[in-house]
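For reference, the structure discussed in these notes is given below.
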Amino acid sequence: MDLGQARHAFITGGASGIGLGIAEALAERGLSVTIADIDREQLPDVLADRGDRWRGQVLDVRDRAAWASAKAEAEATFGPVDVVVNNAGIAPIGRELADEDPATFDLVMAVNLVGVFNGVSAFASDFRARKRGHIDNTASLAGLIVNSPGFASYGIAKFGVVGMSEVLRVELAPHGVGVSVLCPGYVQTNIARNSLKVAGDTGSQAIDLPPSELSAREVGAMVARAIEQDLPYVISHADGWPSVESRIQGLRKAFGK
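Numbering (my numbering), first residue to last: -14 to 242.
Right, dumping it as structure tokens:
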């Protein structure tokens, strides 16, 4: 997609982390930006001194009725949305699947998978009718391979996001609409802290993710380039390939038999 011709980006989970990094990268390319986030306290601080081409929107991605009003308010301000980034998510919960409370599993699915679908549902048909636009969904390397304890429900949701993005790309390509899926490894964000704000009523404890040298701003630049080049996948950490390759080789052997 020619971002020089795009006017408006709508980004969930946009008040911090990767979402904010993507928002900054797209704003640098001239787009007006709506950052939607469940954290109403953080939005004013993020928007301070950013100018009149930025706006905030309080949004719980689980709330389908709220999606409709958020979209209407955003487009009333900046015009039709050209780029949607479904980025909002919560961190791995830290329990093995056999020990996970069903309410916690439902929460992870509702935010990390159904929340992405809600964003697709809100915008994809408009993009198809206009024959322009791009959707970027944030998954994870855990959406390509899950091999660590405590990542079970998170990985299940992120595998779903990868699959959703792949089929959506096939469906929308004939209509001139692009779809990418971001599969990051560990990135400098505050997702663990933010996750506890959402998951606190379930008694869950998000995994404390290890430090990373890769910043959210760098990942945002990767996503912007992927949108410009209409790439299907955005991979932030090449060192994740051996694990993914091992899974693919296992599938290859199974097909051979």
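Backbone N, C-alpha and C define an ideal beta-carbon position, used for all residues, glycine too. All of these numbers come straight from a predicted model, not from anything done at the bench.
Which residues share a DSSP beta bridge with residue i?
| i | result |
| --- | --- |
| A(-6) | V18 and V68 |
| H119 | V68 and G163 |
| V219 | L167 |
Considering just the uninterrupted stretch of the beta strand (DSSP E) at residue i, what are its terminal residues?
| i | result |
| --- | --- |
| L167 | G163 to C168 |
| G41 | W39 to V43 |
| D24 | Note, D24: premise wrong, no beta strand (DSSP E); not H, not E. |
Can you give the Cα-Cα distance for residue i and residue j, rounded to whole angstroms?
| i | j | result |
| --- | --- | --- |
| A55 | G235 | 44 Å |
| I120 | T62 | 20 Å |
| A95 | I141 | 12 Å |
| V93 | L16 | 31 Å |
| I20 | F102 | 18 Å |
| G4 | S200 | 12 Å |
| P245 | G36 | Outside the shown range of the chain (-14 to 242) lies residue 245, about which nothing can therefore be said. |
| A83 | G135 | 10 Å |
| A53 | D111 | 13 Å |
| V31 | G(-1) | 9 Å |
| E198 | S228 | 20 Å |
| R49 | A76 | 22 Å |
| G79 | G241 | 35 Å |
| D86 | E213 | 41 Å |
| I23 | V69 | 17 Å |
| S38 | E230 | Looking at the sequence provided, one finds Arg at residue 38 rather than Ser. Approximately 42 Å, taken between the alpha carbons. |
| A223 | E60 | 37 Å |
| K279 | E26 | Outside the shown range of the chain (-14 to 242) lies residue 279, about which nothing can therefore be said. |
| A107 | E151 | 18 Å |
Check whether the Cβ atoms of residue i and residue j lie closer than 7 Å to each other.
| i | j | result |
| --- | --- | --- |
| G100 | R(-8) | no |
| V219 | L167 | yes |
| V147 | A124 | yes |
| F(-5) | V43 | no |
| G205 | G6 | yes |
| A10 | A209 | yes |
| F90 | S138 | yes |
| R232 | I130 | yes |
| G128 | L98 | no |
| G161 | R117 | yes |
| S221 | P169 | yes |
| A33 | V18 | no |
| V245 | A73 | The requested residue 245 is not part of the displayed model; the chain covers only -14 to 242. |
Which two residues bound the contiguous alpha helix (DSSP H) that contains residue i?
| i | result |
| --- | --- |
| G79 | Counting along the chain, G79 falls outside any alpha helix (DSSP H), and DSSP gives it neither H nor E. |
| A142 | A137 to L157 |
| L11 | G2 to E13 |
| R47 | Neither: R47 is in no alpha helix (DSSP H) and is coded neither H nor E. |
| D244 | Past the boundaries of the shown model lies residue 244; the chain is included only from -14 to 242, so the question cannot be answered. |
Three-state secondary structure (DSSP) at residue i?
| i | result |
| --- | --- |
| S200 | strand |
| D30 | helix |
| G241 | helix |
| N132 | coil |
| V105 | helix |
| G36 | coil |
| Q214 | helix |
| G(-1) | coil |
| S228 | helix |
| A124 | coil |
| M(-14) | coil |
| V172 | coil |
| T187 | Per-residue confidence for T187 stands at a pLDDT of 48, beneath the threshold of 50, marking its modelled position as unreliable; the derived number appears in the next sentence. In this structure, T187 counts as helix in the three-state DSSP scheme. |
Just checking residue i against the ligand ADP - is the residue's beta carbon closer than 6 Å to any of the ligand's heavy atoms?
| i | result |
| --- | --- |
| R117 | The ligand ADP is not among the ligands present in this structure, which contains no ligands whatsoever. |
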